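Okay, structure first, notes after.
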Amino acid sequence: MPNIVLFSGSSHQDLSQRVAHRLGLELGKVVTKKFSNQETSVEIGDSVREEDVYIIQSGWGEINNNLMELLIMINACRISSSSRVTAVIPCFPYARQDKKDKSHAPISAKLMANMLSVAGADHIITMDLHVSQVQGFFDIPGGRRRMKWTGWSWWTT
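Below is the structure:
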């Protein structure tokens, strides 16, 4: 049975640290940097071969940078032979763009789902999606959790 390796993106390292503490795990080593042209570089510092990887990264703050970092982290773990990669995304980016409301408008939530799948995610866990139909955009298993104030204490204590 594979071990669990938990990584944190840069969007919510405090939350990731609390989750790791709650689960009795150490966060995996990740080095992220920006090149002079603002490209994101990610180096996974731990072996993930045949491990069950969870990456916590929220679509909050610098959404596009955080999303790109997440996609690169997922792909780095996938090509390093992890057994499974689960993206834990408390705030799913572009969830409000869930339908074609104008003739030339994209359905950006579906694009986000496709990008996560193509990057190598096997499973997605998110919370409080803008609308439940976003779940149908994924071609991989996903879980949507309702966050209530009582549940929030689990994440923050």
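As numbered in numbering that gives the first Met the number 0, residues 0 to 156 make up the sequence shown, in order. Just so it is clear, CB atoms sit at the ideal spot from N, CA and C, and this is done for glycine as well. Bear in mind the structure is a predicted one, so any value in this text is a computation, not a measurement.
- No Cβ-Cβ contact shorter than 7 Å links residue 66 with residue 118.
- Counted as a single uninterrupted DSSP element, the stretch harbouring residue 40 is not any alpha helix (DSSP H) but the beta strand (DSSP E) occupying residues 39-43.
- In this chain, the beta strand (DSSP E) harbouring residue 86 covers 83-88.
- Residue 50 counts as buried, since no fewer than 16 other beta carbons sit within 10 angstroms of its beta carbon.
- In the three-state reduction of the DSSP assignment, residue 107 falls in the helix class.
- Rounded to whole angstroms, the separation of the alpha carbons of residue 31 and residue 42 is 6 Å.
- DSSP lists 7, 87 as the beta-bridge partner residues of residue 55.
- Under the three-state reduction of DSSP, residue 26 is assigned to strand.
- Taking one beta carbon from each stretch, the stretch 101-118 and the stretch 70-90 have 3 or more pairs nearer than 8 Å; the two touch.
- In the DSSP annotation of this structure, residue 49 is not part of any alpha helix (DSSP H), being labelled neither H nor E.
- Excluding its 5 nearest sequence neighbours in each direction, residue 11 has C-beta neighbours in its own chain below 6 Å: 57, listed in chain order.
- Annotated as distal: residue 28 and residue 13, with beta-carbon spacing of 7 Å or more.
- Residue 91 is positioned such that its CB atom lies no closer than 7 Å to that of residue 54.
- Residue 62 is not bridged by DSSP to any residue.
- Taking C-alpha positions only, residue 64 is separated from residue 16 by approximately 20 Å.
- If you draw a straight line from the Cα of residue 25 to the Cα of residue 4, it is about 8 Å long.
- In the same chain as residue 19, and ignoring 5 residues on each side of it, the C-beta atoms closer than 7 Å to its own belong to 5, 25, 26, in chain order.
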